[in-house]
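Quick note on numbering: our numbering labels position 643 of the sequence shown as 643, and the sequence is numbered without any gaps. This report concerns only the one structure given below.
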Amino acid sequence: MPRALCSIGYNDLDAHCSLRTGEWNQSIDLIRSPCYKFIASVGHSSLLYPHPHCCSLKWQLRWAARRRQRASSSSSSWSRRAHRWPAGATYVRYKDPKQPIQERVADLLGRMTLEEKIGQMTQIERANASTAVIEKYFVGSVLSGGGSVPSEKASAATWQEMITKMQKAALSTRLGIPIIYGIDAVHGNNNAYNATIFPHNVGLGATRDPDLVKLIGRATALEARATGIPYTFAPCVAVCRDPRWGRCYESFSEDTKLVQLMTAAVIPGLQGAARHPTGIPVVAGPKSVAGCAKHFVGDGGTRHGINENNTVLSFHDLMRIHMPPYYDAVIKGVASVMISYSSWNGVKMHENKFLITQILKDKMRFRGFVITDWQAVDKITTPPHKHYYHSIQETIHAGIDMVMVPYDYPEFVADVTAQAKRGAINMDRINDAVTRILRVKFAMGLFENPLPDHSLVAQLGSKPHRELAREAVRKSLVLLKNGKGKKDGKPVLPLSKSAKKILVVGTHAHDLGLQCGGWTKSWQGQSGNDFTGQGTTILEAIKSAVDKKTVIDYSEHPDKGSVSKNMDDYDYAVVAVGEQPYAETAGDNQNLTLPGPGPEVIRKVCELVKCVVVLVSGRPLIVEPYLDTMDALVAAWLPGSEGHGVADVLFGDYGFSGKLPRTWVRSVDQLPMNYGDKLYDPLFPFGFGLTTKPAADSS
């Protein structure tokens, strides 16, 4: 065996028993050789030296020279390191970015009191995050709930000022641990005024374009960082198996493989890098954000699509249908995982130790932190908050690391502290939770760059991001029907830009809020054109696309008499109808009928004028009763702020290319029905989508 002169770090020995430096890259077997003795040295590394009874004098002399060289180098290194610290200050290992993350974590954890550890496990709402509260409770994380903003129409600079104030409070505490600020940036930085609002995930699934989705993740990260936010509760990697679920638009698809494809693309977009070779999540600098795969696991498979309900599945089917996107998320180094409100076979996910600890953490080797959903500890019991003391113990022992307690943080902190002191909550579990949280904070560079970057303010709603969103819109549109005109026998789409007179009608033709859907500026979303900031409605996009001489009549609720009177003058009509905005339980819908006045508008117009119906919705709706009346039907999903993308395809600047990410059923009586089922008779199957060529290339 070659008598190598080498050193090994104790953390590497514990983790992998592999050599860190030296002339030979040998295994731990080398250390066990009788030719060497292992001694601990004073400082950060260990040394191997040749045994005098086994090694020749020549090797001993070489070892002595090498040791002198290493001592000199080490002294020089410590001298340079000391140069970085203020005169008289004590060197603190966890503050040194050159140290390995695991060593920084261990050093900081060893300095923390119980109260400081529990503070790191606590996430509170922005409205409560005063300087006094952050300092008193050593708060580790702050979030904005849906619609929680520093002020109405707050600018990026205003967001940054707010977060800077909170961060300075955290940095002023004894150990100076920065907070991690989180927000639901689920289709762009959608809480911020003037942000680019991208299509919701169901539309992105229709694009079948992972490269595009990665770019959207990147743009979302930049716009979040523009407001000073380094952490987003995204992506949602649910596999929605029933469109009656109110969160189905947050899912890329009913198909597990398609959800995996998009998950593997968006996480590197958000975080900017794959995970560290040792499995540590990595956020690539201050222009990227920490991601959060949610909601673990099976939230898209609840019975009847009822939000927060019970998913009744065998372990095999749970792992086959709903778990694979989390494998991809972990492989891509996602920083955190959020647990679902739902249950699996009657057991609440937030207290399911088997799935959280044994599967996610142990088997899948997830090394980020696990976070609850909003007030989820309260919801373990019925009624909520009953036996809260016990619920806290159950969730933490199940493997929860960070608890979202927006308002009840004093009670939470007091209860955890009391239980930890009397041994009801295991200190090893608390230490593991804090280790995971600190690991992510170090990995994303929060200790080195805790404050917002003022140079990024202009990224919010930037022109390149809006162009990217426009591209996403046109690629997401799915053409379901393209009939032939009664007069000319040609396909209705693409529409002519040089028409003399056209009719644009419907509730969704000129309403940015309805285009964007839920999770836009507020939790549930809202109707209107004055609250999102920049953006283009479908009507505005049509006006921009057609010839200046084209006359456009617009009516949200058209009068049948007026339409009948002018029907011979209209070349065609565009009818934009769909769902009102919603989020979560408010969106649960057991009938999936097209909301009024949509059916009435379709009948009034499409029976008299050649029409294209643009359906703006978060899921497939029951449209078969009206299908024969329509000349063309387009599923636009929830396209977001860039309505130009709709006009781009309607008028043939680009061809239709989108494919259904979901099965489109004829009736709710068929539900649940998914691609691959034995009984499969949909109106439009998964993957369906007619294509057209750009107008210049069409015959």
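Beta carbons are placed, not taken as given, at the ideal position from N, Cα and C, and that holds for glycine.
Phe252 and Asn310 closer than 8 Å at C-beta | no
Residues bridged to Gln702 by DSSP?
-> The question about residue 702 has no answer, for the chain in this structure spans 1 to 699.
Which listed residue (Ala632, Ala472, Val492 and Asp631) has its alpha carbon closest to that of Ala646 = Strictly speaking, residue 646 in this sequence is Val, with Ala absent from that position. When each option's Cα is compared against that of Val646, the closest is Ala472.
Residue interval of the beta strand (DSSP E) (run including Lys287) = Per DSSP, Lys287 belongs to no beta strand (DSSP E) and is neither H nor E.
Cα-Cα, which of Glu624, Ala185, Gly485 and Pro243 is closest to Glu223?
-> Ala185
Could you tell me if Gln615 is buried or exposed, where buried requires 16 or more neighbouring beta carbons within 10 angstroms of its beta carbon?
-> Position check: residue 615 holds Leu in this sequence, whereas Gln was assumed. Counting Cβ neighbours within 10 Å, Leu615 comes out buried, since at least 16 surround it.
What's the C-alpha gap between Pro682 and Gly205?
-> 19 Å
Cβ-based neighbour list, Ser698, same chain, cut-off 6 Å, excluding 5 preceding and 5 following = Because the pLDDT at Ser698 is just 37, under 50, the model does not fix this residue reliably, and the point stays unresolved.
Let me know the secondary structure DSSP gives Gly561 once reduced to three states.
-> helix
Could I get the ranges of all uninterrupted alpha helix (DSSP H) runs contained in the stretch 303-355, with 4 residues as the minimum, in chain order?
-> 324-331
Taking the Cβ atom as the reference point for each residue, do Gly246 and Ala636 lie within a distance shorter than 8 Å?
-> no
Thinking Met338 and Ile371 are a contact (beta carbons under 8 Å), I'd like their distance in whole angstroms, please.
-> 5 Å
With a threshold of 16 other CB atoms inside 10 Å of the CB of Ala702, please say whether the residue is buried or exposed.
-> Outside the displayed range of the chain (1 to 699) lies residue 702, so it cannot be described from this structure.
Cβ pair Ala290, Val297 closer than 8 Å | no
Sequence-distant residues of its chain with Cβ nearer than 8 Å to Ser77 (five each side left out) = Summary for Ser77: the model assigns pLDDT 40, below 50, so the residue's position carries little reliability; its value from the coordinates is reported in the next sentence. Hits under 8 Å: none found.
Distance CB(Ile163)-CB(Val139) smaller than 8 Å | no
Residue(s) in a DSSP beta bridge with Lys501 = Val551
Starting from Lys463 and walking both ways along the alpha helix (DSSP H), at which residues does that stretch end?
-> Lys463 to Ser476
Does the Cβ-Cβ distance between Ser720 and Glu579 come in under 8 Å?
-> With the chain running from 1 to 699 in the structure shown, residue 720 is simply not present.
Closest by CA to Thr256, which one among Ile267, Gly301, Asn189 and Leu270?
-> Gly301
Just the C-alpha distance for Gly423 and Gly535, rounded to the nearest angstrom, thanks.
-> 55 Å
Report back the beta-carbon spacing between Ala195 and Gly461 to the nearest angstrom; my notes put them in contact at under 8 Å.
-> 6 Å
Mind pulling the alpha helix (DSSP H) runs of 4 or more residues that sit fully within the stretch 617-692?
-> 624-627 and 644-650
Please name the residue in Tyr326, Gly598 and Val405 whose C-alpha comes closest to that of Val239.
-> Tyr326
Rounded C-alpha distance that separates Leu171 from Asn529 | 40 Å
Per DSSP, what kind of secondary structure is Ala129 in: helix, strand or coil?
-> coil
Nearest-angstrom Cα separation, counted from Tyr409 out to Glu250 | 29 Å
Cross-strand partners of Ile180 (DSSP beta bridge) | Ser141
Rounded C-alpha distance that separates Asn566 from Glu607 | 13 Å
Residue of Arg208, Pro150 and Thr585 minimising C-alpha distance to Trp183 | One point to set straight first is that residue 183 is Ile, not Trp, in the sequence displayed. For the residues Arg208, Pro150 and Thr585, the minimum Cα distance to Ile183 belongs to Pro150.
Where the beta strand (DSSP E) through Gly578 begins and ends = Tyr572 to Gly578
Does the beta-carbon distance from Pro178 to Pro625 come in below 8 Å?
-> no
Cβ atoms of Val237 and Ala293: under 8 Å apart, would you say?
-> yes
Which residues mark the beginning and the end of the alpha helix (DSSP H) in which Ile396 is found?
-> Tyr388 to Ala398
By DSSP, does Val605 sit in helix, in strand, or in coil?
-> helix
Roughly how far, in whole angstroms, is the beta-carbon of Leu479 from the beta-carbon of Leu495, given that I think they are within contact range, below 8 Å?
-> The Cβ separation is near 12 Å, so there is no contact.
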